[in-house]
Amino acid sequence: MKKIILTLLVAFVGFNANAQIKTPQPSTSQKIEQAVGLSNITLEYSRPNMNGRTIFGDLVPFGKVWRTGANANTKITFSTDVTIDGKSLKKGTYAIFTKPNESSWEVIFYSDATNWGAPRTWDETKVALQTSVNVQEMPMNIETFTMTFDDITNNSAVIGILWEKVYVGIKFETPTDMMVSSQIEKMMAGPSADDFYASAVYYLQANKDIKQAQDWIDKAVEMTKDKPRYWFLRQQSLIHAKAGNKKGAIAAAKASLKYAEEGKNEDYIKMNKDSLKEWGAM
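Just so you know, numbering that gives the first Met the number 0 puts 274 at position 275 of the sequence shown, and the rest follows in order with no gaps.
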């Protein structure tokens, strides 16, 4: 009996030795997504705790590059270009590194966000933007390292960094006004050549009002006459043919053929030649 119990105990211990036990990470990860106007920003970082330690000036030395959190790089992704401290930062993903000091921090947006912590070899060519921000003292300790989006407006927000009794905020501005103004100007200018073209082709394919399709495709071709598009002219020929305007169809097909040959597009060359033969023009 003792032998059987011992065998079972050994088997149980062996089983557990190979088991994969999940335990909490010491520094939990967080991902925040924030819309600012028409721009989307994503922030990913790890969150260490104070655990009774002195943070700034001790665990995080003053004047040295810090990963700004724990574990892998703290990463921020901007869907549009933004402006920080009057300087432009292109859309994309960046690692956020900092150099904490007592009264101010240097904040660095680094184009290589694939490091684990600070890069072993610092590359100044990868510094996309660098700015300085003042430290604000908090009235209480923030136990867990925290990053936030604060003071959000249609055109700007502040990236907040909080830990221990420190808060620093990095303001960035988004091109919301420019983006909205561009949409308004486009809308007020009326439909584009592409809008007229797409509408006309849909009406042709859906067997809807061919006269309306004819009007739209003619407008599209007229709007692009300085830089003729053979695919526009091809659809114009088909729409005119369906509308009973054989002369107009032939003229459009010949023009489409000419520009297709210049563009060396064999498919459109063949399609136009086939149509011209069908309409007795070749």
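Where a beta carbon is used, it is the ideal one built from N, C-alpha and C, also for glycine.
Note that this is a predicted model, so its numbers are computed, not measured.
Here the C-alpha atom of Lys-263 lies approximately 16 Å from the C-alpha atom of Phe-231. Contact between the stretch 144–154 and the stretch 25–34 is present: 3 or more CB-CB pairs across the two stretches fall below 8 Å.
Gln-33 carries a strand assignment under DSSP once its states are collapsed to helix, strand and coil. Judged by pairs of C-beta atoms under 8 Å, the stretch 177–187 does not touch the stretch 199–210, as fewer than three such pairs exist. The DSSP-derived three-state label of Asn-140 is strand. If you look at Ala-212, you'll find it in the alpha helix (DSSP H) that goes 209–222. Annotated three-state conformation of Leu-161 is strand, per DSSP. Distances from the CA of Asp-80 to each of Thr-175, Pro-25 and Asp-111 were compared; the closest alpha carbon is that of Thr-175.
By the C-beta density criterion, Met-146 is buried, having at least 16 other C-beta atoms within 10 angstroms. When Lys-74, Gly-85 and Asp-225 are compared, the shortest CA-CA separation from Ile-95 is found for Lys-74. Annotation: Tyr-44 to Pro-99 spans about 17 Å, alpha carbon to alpha carbon.
Secondary structure in the stretch 96–120: the beta strand (DSSP E) runs of 3 residues or longer, each lying completely within the stretch, are 103–109 in chain order. A direct Cα-to-Cα measurement between Val-126 and Ser-28 gives close to 25 Å. Between the stretch 119–139 and the stretch 158–166, the count of C-beta pairs closer than 8 Å reaches three or more; the two stretches touch.
A distance below 8 Å between beta-carbons, with the five flanking residues on each side excluded, links Ala-251 to the following residues of its chain, in chain order: Val-220, Leu-232, Arg-233, Gln-235, Ser-236 and His-239.
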